[in-house]
Amino acid sequence: MDFGNIIQEKLIQQILEKEICNSNDLNQYFFSELATKISSSGEKKKRIIFLTHNSFFVLQDLCSYKHIQRFNIPDINKITIHSDYRNVCSIILRNSFQLNLQINHFNEFIKFIQSIFNCVLKTFVPIIYKQKQKTNEEPKIDDKNSAQQKIQSFLSSQKEQFYIKIEIISNNNSQSDSIILGLLQFFQKDIQITGLEKCQELKRFTQVVLLNQNLEQQYFIFQSIRNPDLIFHIKLLVDSDFPLFVNKLQDIKNNLIK
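What follows is the structure in structure tokens.
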């Protein structure tokens, strides 16, 4: 399914030569498309995507190896399809990276990925269909701005990671120069943080639990599940993320109750 008509391009052929696949696999498992990549800020950019049974590529152009993103197909953890936004989905990779795409041949794209998981990997990929809850009365929106507002609303509802400032407390002692930049990510029933600066305690993702929060001062206290002596005092790097962050904490609490 070469909807992008790129398989004969020199750059694509060079990439495919490095892929571990024979000609039969290539004929059966190849998908290309000119798609729209949607960033976390709502910015939309045209990108070339193509998939084999091994890999998922996102290219800026067909001229060079610069700005090529490559992901392993087995690293796809789930796909969320948003019924209210035409041909838009969120692909979660390695439980840490979210790729938002708008794809013209959407059904073919989903079936292609399902085929790889079912026939090659002998497993399945969770596909979640999410529909926006309807209200009794919706305000009228100018058609010109409607699409942009829908995309921004979609991205906000899907935000699962937040940049944070972390103060590390170990054995009730604040470590010197321990305030670092970090990243907090929400999963269905878990919260994990990692350091974005060199830090022995947070050199990898650490699962944490919320101990306390001060909504007025907008700071939160988390404890490492693996090492209870490690306490993390956290403030959001972006103040405007605060309402959404609190909602995500409540979602985690609700999921644990279920």
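Just so we're aligned, residue 0 is where the sequence shown starts under numbering that gives the first Met the number 0, counting upward by one. All C-beta atoms, glycine included, are put in the ideal place defined by N, C-alpha and C.
The beta carbon of residue 163 sits closer than 8 Å to the beta carbons of 180, 181, 182, 183, 192, 233, 234, 235 and 236 from its chain, once the five residues preceding and following it are set aside; these are given in chain order. Looking at the DSSP output, residue 240 bridges to nothing. As computed with DSSP, residue 205 is found in a beta bridge with 192. When rounded, the separation of the alpha-carbon atoms in residue 170 and residue 77 is 38 Å. Secondary structure at residue 121: coil, using DSSP grouped into helix, strand and coil.
Assignment of residue 40 by DSSP, reduced to helix, strand and coil, places it in the coil class.
Bridge partners of residue 50 according to DSSP: 30 and 55. Each of 189, 190 and 204 was checked against the Cα of residue 196, and the nearest Cα belongs to 204. Looking at 14, 190 and 254, the one whose alpha-carbon comes closest to that of residue 209 is 190.
A buried status is given to residue 89, since no fewer than 16 other beta-carbon atoms sit within 10 Å of its beta-carbon.
Here residue 65 is exposed. Its C-beta has fewer than 16 other C-beta atoms within 10 Å. Here DSSP, grouped into helix, strand and coil, assigns residue 166 to strand. In the DSSP assignment, residue 226 falls outside any beta strand (DSSP E) and carries neither an H nor an E. In summary, residue 91 is buried, with 16 or more beta-carbon neighbours lying within 10 Å of its beta-carbon over all protein chains present. Residue 34 is not a Cβ neighbour of residue 98, given a cutoff of 8 Å.
An exposed status is given to residue 123, since fewer than 16 other beta-carbon atoms sit within 10 Å of its beta-carbon. For residue 11, the enclosing alpha helix (DSSP H) stretches over residues 9–17.
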